[in-house]
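Numbering (this note's numbering), first residue to last: 1 to 236.
Using N, Cα and C, we set each Cβ at its ideal position, and we do this for glycine too.
A quick write-up on the structure given underneath.
Rendered as structure tokens:
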């Protein structure tokens with residue numbers, strides 16, 4: 001039996017729609033001869049006519065995609081009109097990429113929240129001002145309140161966007177580990193693995209529970225507004 005498909009085999013799909021599907025999945029320009037290999041009952045001239053008709057359909061519909069004739073074949077490409085919006089999208093996507101240092105800081109906040117900047121620095125061993133500022137700008141963390149200690153430093157927690165970034169339904173979906181190793185390198189390794197969606201990340205298959213961080217007395221950001229501003233100038 002020939003590997004080519006007869007047009008009759010596409011009874012539930014028009015020839016034009018089938019060719020559109022072929023163009024969509026093809027990584028390179030699709031030649032008429034290649035299309036002919038699928039539709040052996042249709043002459044090359046007729047196939048070209050169908051492709052040109054499909055090309056015309058795309059142009060008339062003012063879509064963000066076009067069918068272009070490239071290097072002797074046909075290929076689905078984005079329209080020139082979509083160029084600016086695509087540039088904006090890629091710029092935003094690139095801006096969301098996190099460095100290893102940012103991931104290390106974010107991992108600590110995710111597992112130890114609510115946590116102060118000094119708490120993070122004690123684990124990482126380096127100044128994290130720029131990392132915290134970067135994560136705040138990306139809306140991956142937020143100020144959740146102030147710690148009731150001298151200077152009343154801000155405490156940080158993760159945001160809804162953090163959940164979206166790592167594909168989590170809630171913080172309960174963070175991987176359960178028997179004990180959180182208290183250093184930034186281990187935290188980064190865990191979160192980096194999770195962000196890559198590897199099976200190795202699904203740790204703690206036993207029924208053991210993750211060690212909870214020590215409780216911290218925190219005043220919420222809202223409550224803080226109703227209290228005296230004394231000491232806020234001493235933010236760490």
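**OP:** Pull up the distance between the alpha-carbon of residue 149 and that of residue 155, whole angstroms please.
**Re:** Whole-angstrom Cα-Cα distance: 11 Å.
Original post:
Which stretch, first to last residue, makes up the alpha helix (DSSP H) that contains residue 309?
Top reply: Not covered by the structure: residue 309. The range shown for the chain is 1 to 236.
Subject >> Where the beta strand (DSSP E) through residue 132 begins and ends >> reply: First-last for residue 132: 129–137, but that is the alpha helix (DSSP H), not the beta strand (DSSP E).
Original post:
Should residue 124 go down as buried or exposed, given a rule of 16 or more other Cβ atoms within 10 Å for buried?
Top reply: It counts as buried.
Subject >> Buried versus exposed, by CB contacts within 10 Å (16 or more), residue 107 >> reply: With 16 or more Cβ atoms within 10 Å of its Cβ, residue 107 is classed as buried.
Subject >> For residue 112, the first and last residue of its enclosing alpha helix (DSSP H) >> reply: Element bounds for residue 112: 100–112.
Original post:
Would you call the segment 75–82 and the segment 24–33 touching, i.e. three or more CB-CB distances under 8 Å?
Top reply: Counting Cβ pairs under 8 Å, three or more are found: they touch.
Subject >> Residues that residue 154 bridges to, as DSSP identifies them >> reply: Looking at the DSSP assignment, residue 154 forms a beta bridge with 146.
Subject >> Three CB pairs or more closer than 8 Å across the segment 57–67 and the segment 33–44 >> reply: No: fewer than three Cβ pairs fall under 8 Å.
Original post:
What three-state label does DSSP hand residue 42 in the structure shown?
Top reply: In the structure shown, residue 42 sits in coil (DSSP, three-state: anything other than H, G, I, E or B).
Original post:
Taking the Cβ atom as the reference point for each residue, do residue 291 and residue 105 lie within a distance shorter than 7 Å?
Top reply: Examination of residue 291 is not possible in this model, given that the chain is present from 1 through 236 alone.
**OP:** Counting only the same chain and skipping the five closest in sequence on each side, list residues whose C-beta sits under 6 Å from that of residue 16.
**Re:** Within the same chain, and ignoring the five residues on either side of residue 16 in sequence, the residues whose Cβ sits closer than 6 Å to its Cβ are 50, 54.
**OP:** Using the Cα positions of residue 173 and residue 161, report the straight-line distance between them to the nearest angstrom.
**Re:** Roughly 14 Å between the two C-alpha positions.
Subject >> Classification of residue 69 by the beta-carbon crowding that lies within 10 angstroms, buried from 16 upward >> reply: The residue in question, residue 69, is exposed, as its Cβ has fewer than 16 Cβ neighbours within 10 Å.
**OP:** Between the Cα of residue 102 and those of 118, 133, 116, spot the shortest distance and give me the residue it belongs to.
**Re:** Checking every option, the nearest Cα to that of residue 102 belongs to 133.
**OP:** Compute the distance between the beta-carbons of residue 35 and residue 52, then report whether it is under 7 Å.
**Re:** Not closer than 7 Å, so no.
Subject >> residue 37 (DSSP reduced to helix, strand or coil) >> reply: Looking at residue 37 - three-state DSSP - the assignment turns out to be helix.
Original post:
With 16 other CB atoms within 10 Å as the buried threshold, where does residue 114 fall?
Top reply: Classification of residue 114: buried, given that the 10 Å Cβ count is 16 or more.
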